[in-house]
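Residue numbers (this note's numbering): 1 to 77.
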């Protein structure tokens, strides 16, 4: 026995898929990532960025201090 929903789907069929770009009215969009720019405007912003994770970049003592300060902030805000 088929469910009523299944029967309705069979009667109506599948909806037609819109053509690519039809939702935008056929307008082509061009975008970019601000974070990927290497202009002088972003030089100071990304000056301290590196490829290290938190464990490698910070010693155990620094991580302990950061955890203590974040717990303090959480408890007092």
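We treat Cβ as the ideally placed atom computed from N, Cα and C, and that holds for glycine.
Here the structure is a predicted model, which means the values were calculated and not measured.
Secondary structure note for residue 64: its alpha helix (DSSP H) is the uninterrupted segment 60-76. Following the DSSP letters along the chain, one finds residue 9 inside the alpha helix (DSSP H) bounded by residues 4-12. Cα atoms of residue 60 and residue 66: separation of roughly 10 Å, rounded to the nearest angstrom. The distance from the Cβ of residue 50 to that of residue 57 is about 7 Å, consistent with a contact at the 8 Å cut-off. In this structure, DSSP gives residue 41 a helical state, which the three-state scheme calls helix.
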